[in-house]
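Undergrad: FYI, the numbering for the sequence shown is 1 to 206, going by full-length UniProt numbering. Attaching a single structure in structure tokens format; questions to follow.
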Amino acid sequence: MQLRRADVLRGARDLLDAEGLDGLTMRKLGAVLNVQAGALYWHFPGKQALLGAIADDLLAGVAEPPPAGPWDQRLVTLAHKLRQALLGVRDGARLVAETFVTEPNTALAGRIGMRILMDAGLPAEQAAWTMFAVGHYVLGHTIEEQATRPGSGRDAELAAQAAGDADLRELAAAISADPGRRFEFGLGLVLDGIRVRVGPRTPADS
1 MQLRRADVLR
11 GARDLLDAEG
21 LDGLTMRKLG
31 AVLNVQAGAL
41 YWHFPGKQAL
51 LGAIADDLLA
61 GVAEPPPAGP
71 WDQRLVTLAH
81 KLRQALLGVR
91 DGARLVAETF
101 VTEPNTALAG
111 RIGMRILMDA
121 GLPAEQAAWT
131 MFAVGHYVLG
141 HTIEEQATRP
151 GSGRDAELAA
161 QAAGDADLRE
171 LAAAISADPG
181 RRFEFGLGLV
191 LDGIRVRVGP
201 RTPADS
């Protein structure tokens with residue numbers, strides 16, 4: 001059976017889930033797909049192109065505009081969709097953060113966020129910068145969330161370091177808290193800052 005691009009992407013995602021970003025190599029992927037690594041280059045010129053395609057595939061659902069409503073609720077929905085997409089595969093946040101992607105889904109997700117902010121009243125340049133800030137927050141939070149997931153060893157390591165330090169124990173407890181709650185809290189702080197830039201909402205905006 002002829003190897004298709006979709007087969008390569010599916011196999012790469014499976015390998016990523018099994019071994020993480022550091023374990024994803026073209027040689028291992030070829031073995032998983034039962035082909036020579038060279039056969040993969042018909043579809044992707046190199047590993048970086050493959051990673052970019054996986055990242056864009058991961059963000060496919062984020063490229064759908066959020067439902068109509070106030071700008072801040074729409075931006076919150078977009079941020080949550082991005083986090084859930086990144087959590088969809090092991091090391092998903094690291095993958096997207098380490099891949100400069102200009103593929104269709106990734107670019108469209110960014111444009112959707114910019115349009116939400118421009119409709120709220122921000123100039124195009126500030127809307128773009130704001131989306132970078134929101135995206136960086138979501139990526140950073142999710143990278144840490146995936147790195148400290150149960151069984152990763154990071155949680156146990158931090159707990160051991162904190163054993164004799166009250167401040168570190170407080171920090172360890174905060175990090176161990178439900179990541180969804182921590183994400184909501186941090187996102188709320190980001191949104192508070194954006195609201196200052198946008199200005200007060202008028203009745204027509206509600």
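C-beta atoms are modelled at their ideal positions from N, C-alpha and C, and glycine is treated no differently.
Exposed or buried, residue 189, counting other C-beta atoms within 10 Å across all chains shown (16 or more means buried)?
TA: Burial call: exposed.
Undergrad: For a quick check, are the C-beta atoms of residue 59 and residue 130 less than 8 Å apart?
TA: No, the pair does not count as a contact, with Cβ atoms beyond the cut-off.
Undergrad: Suppose the cutoff is 6 Å on Cβ atoms and the five residues either side in sequence are ignored; what does the same chain contact list for residue 62 look like?
TA: Counting only Cβ-Cβ distances below 6 Å, and skipping sequence neighbours, we find 81, 82, 85, 109.
Undergrad: How is residue 43 classed by DSSP in three states: helix, strand or coil?
TA: Coil.
Undergrad: Looking at C-alpha atoms only, which residue of 124, 89, 127, 97 is the closest neighbour of residue 149?
TA: The residue with the shortest Cα to Cα distance from residue 149 is 89.
Undergrad: First and last residue of the alpha helix (DSSP H) that includes residue 104?
TA: Taken as a continuous stretch (DSSP letters only), the alpha helix (DSSP H) holding residue 104 covers 104–119.
Undergrad: Under 8 Å, do residue 30 and residue 40 count as touching if we go by C-beta distance?
TA: Against a cut-off of 8 Å, the Cβ pair of residue 40 and residue 30 comes out as a contact.
Undergrad: Cα-Cα, which of 145, 71, 181, 54 is closest to residue 199?
TA: For the residues 145, 71, 181, 54, the minimum Cα distance to residue 199 belongs to 71.
Undergrad: Alpha carbon to alpha carbon, what distance is there between residue 11 and residue 79?
TA: If I take the Cα positions, the gap works out to 27 Å.
Undergrad: So which of 119, 57, 3 has the shortest CA-CA distance to residue 208?
TA: This structure does not reach residue 208, given that the chain is present from 1 up to 206, and the question cannot be answered.
Undergrad: With distances taken from CA atoms, which of 75, 144, 69, 47 is nearest residue 92?
TA: Cα-wise, what sits closest to residue 92 is 144.
Undergrad: Return the residue from the list 6, 45, 49, 54 that minimises the CA-CA distance to residue 33.
TA: Of the listed residues, the one whose Cα sits closest to residue 33 is 6.
Undergrad: From residue 166 to residue 115, what does the alpha carbon distance come to, in whole angstroms?
TA: C-alpha separation (whole angstroms): 46 Å.
Undergrad: Is residue 179 helix, strand or coil when you go by DSSP?
TA: Helix at residue 179.
Undergrad: In three-state DSSP terms, what is residue 165?
TA: Correct three-state label for residue 165: coil.
Undergrad: So, is residue 113 buried or exposed, given that buried needs 16 or more other C-beta atoms within 10 angstroms?
TA: Looking at its Cβ environment, which holds 16 or more other Cβ atoms inside 10 Å, residue 113 is buried.
Undergrad: For residue 72, which three-state DSSP category applies?
TA: Residue 72: helix per DSSP, three-state reduction.
Undergrad: So, at 6 Å on beta carbons, what are the nonlocal neighbours of residue 138 in its own chain, with the 5 sequence-adjacent residues on each side left out?
TA: Excluding sequence neighbours, residue 138 sits near 79, 82, 83.
Undergrad: Using the Cβ count rule (16 or more neighbours within 10 Å means buried), how would you classify residue 2?
TA: That one is exposed.
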